[in-house]
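Protein chains in written order, with the working numbering: chain R, 1 to 526; chain A, 527 to 1156; chain V, 1157 to 1255; chain H, 1256 to 1531. Where a beta carbon is used, it is the ideal one built from N, C-alpha and C, also for glycine. Have a look at the structure below before the remarks.
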Amino acid sequence: MSFPLLTLTAAVPAAGAILTAAVPAARRTAAKWLALLVSLATLVLAAVVFVRFEPGGERYQLTESHAWIKDFGVRYELGVDGIGVALIALTALLIPFVILAGWHDADPLETKSSRWRPTQGFFALILMVEAMVILSFEATDVFLFYVLFEAMLIPMYFLIGGFGDRAHSGSDENAAAQRSYAAVKFLLYNLVGGLIMLAAVIGLYVVAGNFSLTEIAEARANGTLEMATNTERLLFLGFFFAFAVKAPLWPLHTWLPNAMGEATAPVAVLITAVVDKVGTFAMLRFCLGLFPEASKWATPAIIVLALISIVYGALLAVGQRDIKRLVAYASISHFGFIILGIFAMTTQGQSGATLYMVNHGISTAALMLVAGFLISRRGSRLIADYGGVQKVAPVLAGTFLIGGLATLSLPGLAPFVSEFLVLVGTYARYPVAGIIATTGIVLAALYVLVLYQRTMTGPVKEEVRELPDLRVRELAVVVPLIAVLIFLGVFPKPLTDVVNPAVQHTMSDVQQKDPQPTVPNVEAAQ
Amino acid sequence: MENLIALLVGAPLLGAAVLLCGGRRLDKSGHWLGTLLAAVSFVIGLALFADMLGRSADDRAMYQRLYTWIPVEGFQADIAFQLDQLSMTFVLLISGVGTLIHVYSIGYMEHDERRRRFFGYLNLFVAAMLLLVLADNYLLLYFGWEGVGLASYLLIGFWQHKPSAATAAKKAFIVNRVGDMGLSIAIMIMFTTFGTFTFGPVLASTGEASQGTLTAIGLMLLLAACGKSAQVPLQSWLGDAMEGPTPVSALIHAATMVTAGVYLIVRSADIFNAAPDAQLVVTIVGAVTLLFGAIVGCAKDDIKKALAGSTMSQIGYMILAAGLGPIGYVFAIMHLVTHGFFKAGLFLGAGSVMHGMNDEVDMRKYGGLRKYMPVTFVTFGLGYLAIIGFPGLSGFFSKDKIIEAAFAKGGTEGWILGAVTLLGAAITAYYMTRVMLMTFFGEKRWENDPDGNPPHPHESPKSMTIPMILLAVGSVAAGAYFEFAGFVEWLEPVTGFAHGHSPLSAATVTAATVAVMVIGVGLAYLQYGRRPVPVVAPRGSLLTRAARRDLLQDDFNHAVFVTGGTHVTRSLVYVDHTLVDGVVNGTAAAVGGLSGRLRKLQNGYARTYAVSMFGGTAVLIAATLLMRAV
Amino acid sequence: MNPVNYLYLAALLFTIGAAGVLIRRNAIVVFMCVELMLNACNLAFVTFSRMHGNLDGQIIAFFTMVVAAAEVVVGLAIIVSVFRARHSASVDDASLMKL
Amino acid sequence: MSATHLAAYTTSSGEAFQFWVLGTVAVVGALATILMKKAMHSALSLAGTMIVLAVFYLANGAYFLGIVQIVVYTGAIMMLFLFIVMLVGVTAADSLKETIKGQRWWAAACGLGFGILLVAGIGQASLTEFTGLGAANAAYGGNVEGLAALIFTKYVFAFEITGALLITAAVGAMVLTHRERTERARTQRELSEQRVRQGTHVPPLPAPGVYARHNAVDVAGLLPDGSPSELTVMQTLRKRGQIRDVSGEAIADLKALEQRSEERLGRDRDEEEATR
């Protein structure tokens, strides 16, 4: 048994969460530093995983396997493929920034001392989420994955419901009511999804006799495990539903704007950039890996839903009055792209979708965190309350613009690479879908630039005249994210090298080949 | 030598990075750095040009491959450059005019506290534009394409505190994005058809692809070109883009960026050659825009907007020429370059006028400025003569060739296109004369600025006049130089060239061109030279009023896209809230209501609970009995 | 006569007792009805004992009586203390078992 | 078919007669238990039913149980009930009017259904074998001996546990009903001294009903202004809320009644005089 590196990547933040929670309330600054250090340590471990992973090697590497519940064949089984490695890296990369951005979000309220805000709890919960998300990217046991998939709802619920955004247009009671509404909505949606998935997980066990992803996939591939068509489809739908709620796919998306609107900006980033990625990741790994035939069967419907998500999310983003809700709807649109890329079932589409998960995480984090800095200064989430910020806080406006440009997939920034790959990959198999999805880039420009215009440009509003520019801590959050965006925008090779082999495996899972160019002898001409 | 190509892009890019990230430290020296790096690019361009001239005509293309940008199975996008004669022409134009405008901006933006950032954006633009013309594949071209779009966005909205500027910037970007959509779809079709989107293989194998596919690619490329080059129906952003500082209008929205559409079409010549339907649409778009821009240009009182209409119209010429196929490509590029000179000069002149007139843009409030701004007057006048096609000046050579080529298209199309181009030439002469007369001649119609200060027209500083003089020299000489130095031979290896067979002789066309030019000038003189110009614009005919409103295109856009779009998004927000969310909330409410009713069974009375227990026991017994019975 | 009739009688008495529990409000009467139900059961046990010819049924009945006695003692004590607190022996008055 | 075998299926006609007569009595007693308005009547009806059941036990050969039924159940437990009924008193809850909506219907439906099910169940069961207790009773030399043998051998643990249960129940009942007195009870002297010290009601409390022409203990005496004084009623009744209403109206009614009877009496007298 080799060194349990993967376990360690999750165990470190988990242990860090417990330690952070144990720090006495009076020493809250120590708790913050502890959490930050733990997240950095996790980042180092993730970097080690990234380096140790050999793109050309086995499909699942750094595997660990221990018996867990013997009676049901449940195992504690870990292993990463390229997709998992990329997403672990994303998660580990974002958490330190989330912590740093939320440095003061959970400080005790000066005005209302009656409300108890456990500062250290906020950071402990974030670390807990990190641990669970990382472990869920590593789990190759369906049951283990399911447990983590559901368990991460608990800390998220408390993060949304317990530490809401203090910038609220309504009264305090109103804010609290909306916050708890958002948290409960988040929980209920995901629980319903999880419940259906649980049924499917049990169904899978009944059919397959164990929970091991690798064993089931292998048995399916070599024909020893036959599934009736309808059984496979039902199981697929059970899994897919849960992931589509989490991802979220239209029309299961309405929890996301509420949750992202009411949560603080770092938590909103945690939701959309990290936790939701588990949904899309799981579509790739479990839906396609376990039920290739059913995936192909469901593809047309899913592509239609993804297209609706893209256009619908973008149109709704245009119509929003609340900055954070706008970003949330933009994310819905982007998740539509990711799902489209996954189910286009072409190499480009799936590589693009995987890159998209990473890039969307980083770009949304950049945009949302800067938006959060802005909101915390003015104390309002309404776009109409801003104007002319560019004049008083040029650096803030500049970083906000870069985050926005990344969101609208400007070439040179990371999301462009992935979005274009998704579009090309989709077009290759479904030209009409590809063209419809392309309208998303126009709408993206619309909502980003309208947002920027209304908040940052124009005459300086009286209320924002005294707005300070970004502070050192905030710059330390934004600048590295932007640097990563630009780096991956012009040189995504480190990421694609890791992802490509994994995508090849997935493609062979679903036994799909890329459509060949209609003009075959181009290579010769080249 | 090839390894220098990357430096062409790299130098201004470095400038942009340093200037934008450098902070206030560079406020004092930033503009010098920016200008220097643009000049470095120009010098490298010249060096490469000299190297290129030293080689044989077939061996002039240079390639430099940096690295693989997006390596995915079956999809290779490289960061690689291709510098051939076509690119070279653009490189020199962009870096040359770009450098001049950098110099001009030193004076023009002297009092702006954000000058450093302005130069950063300019450098960013130059870098992106060079990337656009140097790319060796469509995806990298797309990179530059969007890059110039970004720079244009930033520069149009440079004075962000003005809501009109911010709106114009946003509009420009979004309309351009519609065009970009076309470019990305074109790339997608190329990828699925050819498996690659590198210029070489794609253009070499157009013969293999079906006509329909090529037409589709061509139309999508045209859509992209329409967006970037402000062609109908995506032209509406250009007039508004004049909100930007004047050097920006000169560089981006006259000389270089807006001509990128022409570059794209000429670069994709092989695709269009194989898709006549697409070509026909290209010429139609060019012809329509040519007239559209000209008519709009006649009605505008804002000097920059009049020039913007003119730009649109002139690019219409180029697009039309590009749509003519091999007989037109070279002349499209030739007109592009000459237009780059004289239109940049005209804009800089306009900027110089505004500079002296308290930033007034309404020509009705100018008049008689020739005595106060002699240098501006002369350079502007030379640009004016060039654009109306005064014999011997640059516009004459390039426009005449296009008109000739339009006739040479042959058939009814040829006659129609020829007539349109001639009509365009007449209108061009008309509106440019109008601009000239209203600005520099006639009596003074000056007005005090809002603070009550009377304008003190004065000549601009050296840093502004020198670029204007240099551009005026270009406007005068470029045409003749190209004509006699063999521009056609220079570009032929890249774009191909065919002599058209015009139904009219070259001399007839030239005579006709000069004649319509004289008619246009004469008409304008009768209207604006002989009579005093009213300070308040007369109501004018229906056409005039429509032309002032950009031929109602904006109103149409507003009614359909803005208002309609707002309604759509509003109703979707409503739908999302009531319907999509409503289904879920409704389910929740139903469950809640049911629970509320069921809760009433829990009334606290032990006897009620006893009844349910008793009933439950009865049911159990019944079930047991039934099971036994079965 | 078939001794099964005793069982029918027991069933009848049990049902009557149960109905009494459900419709009477006086806790003491409710208890009496419970006793009635227990006695009905005892009758059934005794009858079974006779049917099967062994004494176990009677033993059960005997234990039932003991338990019933204990139950009555405690139950009545509860009634008394409830009555002290609420001045009522109605089972409906003790209806705090709701939200 | 021998007589013994036949005995296994039927009983003597005497027993049948007894069953039908006493069975009717038992059912009537049970019904009376649940339908009688007063708890006392219910208790007496139940006692009757229990005695009938005791007879049935005896008839079924359970001699020991029959006696125990009479002695323990009817004798002790029912007496306990009566005692409590007296202690708690007759309250308003004795009304048979239903207060919970639908309770009676549900109870009737459930009861009916349950009864039918039980009867059906018994009817369906194949109770064809009928051994009788003769052999079982004889095995140990009698019913009591047989039970004793079983209790002290096979069921000895259950027996011990029921013993513990009984003890627990007894203690429990004591704990529940017993109120700890935390201080010495005050003597009459101390109480009178306290009354004087407080200055209220130095003389004894007024007697009930004296001034209102009623002398029942639950009728409040009237004050000079005609309003009833609760002080006149004993504390226990007051706390139970069992004060009969003697409001002004009631007094007025009473007066009117007396006047009417007076008039009638007077008329009669007049008539008498007239006839005379």
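Leaving out five residues on either side along the sequence, give the residues of the same chain with a beta carbon under 7 Å from the beta carbon of residue i.
i                       : result
residue 1005 of chain A : 864, 919, 920, 921, 922, 923, 924
residue 81 of chain R   : 59, 60, 502, 505
residue 318 of chain R  : 443, 446, 447, 450
residue 329 of chain R  : 257, 313, 316, 317, 320
residue 48 of chain R   : 5
Is the distance from the Cβ of residue i to the Cβ of residue j below 8 Å?
i                       : j                       : result
residue 83 of chain R   : residue 414 of chain R  : no
residue 768 of chain A  : residue 834 of chain A  : yes
residue 529 of chain R  : residue 194 of chain R  : Residue 529 of chain R is absent from the model: chain R starts at 1 and stops at 526.
residue 756 of chain A  : residue 623 of chain A  : no
residue 560 of chain A  : residue 670 of chain A  : no
residue 202 of chain R  : residue 208 of chain R  : no
residue 1421 of chain H : residue 1226 of chain V : yes
residue 742 of chain A  : residue 715 of chain A  : yes
residue 629 of chain A  : residue 571 of chain A  : no
residue 470 of chain R  : residue 395 of chain R  : yes
How would you write the range of the alpha helix (DSSP H) that residue i sits in, first residue to last?
i                      : result
residue 737 of chain A : 737-754
Look at the alpha carbon of residue i and the alpha carbon of residue j, and state the distance between them as a whole number of angstroms.
i                       : j                       : result
residue 593 of chain A  : residue 722 of chain A  : 16 Å
residue 265 of chain R  : residue 324 of chain R  : 8 Å
residue 703 of chain A  : residue 749 of chain A  : 10 Å
residue 235 of chain R  : residue 200 of chain R  : 5 Å
residue 874 of chain A  : residue 901 of chain A  : 12 Å
residue 1101 of chain A : residue 436 of chain R  : 21 Å
residue 153 of chain R  : residue 1104 of chain A : 26 Å
residue 688 of chain A  : residue 456 of chain R  : 11 Å
residue 1088 of chain A : residue 934 of chain A  : 42 Å
residue 751 of chain A  : residue 943 of chain A  : 20 Å
residue 574 of chain A  : residue 388 of chain R  : 45 Å
residue 148 of chain R  : residue 25 of chain R   : 29 Å
Leaving aside the five residues before and after residue i along the sequence, list all residues of the same chain whose C-beta is less than 8 Å from its C-beta, in chain order.
i                       : result
residue 1277 of chain H : 1307, 1310, 1311
residue 247 of chain R  : 276, 279, 280, 283, 335, 338, 339
residue 1493 of chain H : 1485
residue 1259 of chain H : Low local confidence applies: a pLDDT of 42 at residue 1259 of chain H is under 50, so the model's placement there is unreliable, with the coordinate-based value given in what follows. Taken in chain order, the list of residues that qualify is empty.
residue 101 of chain R  : 265, 266, 269, 369, 372, 373, 474, 477
Can you name, in chain order, every residue of its own chain whose Cβ lies under 6 Å from the Cβ of residue i, other than the five neighbours on each side?
i                       : result
residue 17 of chain R   : 124, 127, 128
residue 1001 of chain A : 867, 868, 871, 908, 909, 912, 920
residue 729 of chain A  : 796
Quick check on the DSSP output: the beta strand (DSSP E) that includes residue i runs from which residue to which?
i                      : result
residue 78 of chain R  : 74-80
residue 593 of chain A : 588-598
residue 63 of chain R  : 61-69
residue 608 of chain A : 601-609
- Task: Residues of the stretch 1171-1203 of chain V with a CB closer than 7 Å to any CB of chain A: list them in chain order, please.
- Result: 1174, 1177, 1178
- Message: By the 9 Å beta-carbon criterion, what residues does the stretch 1108-1129 of chain A contribute toward chain H?
- Response: 1129
- Item | Residues in the stretch 1204-1234 of chain V having any Cβ partner in chain A nearer than 9 Å | none
- Message: Using a Cβ-Cβ cutoff of 7 Å, what residues of the stretch 1419-1439 of chain H are near chain V? List them in chain order.
- Response: 1420, 1421, 1424, 1425, 1427, 1428, 1431, 1432
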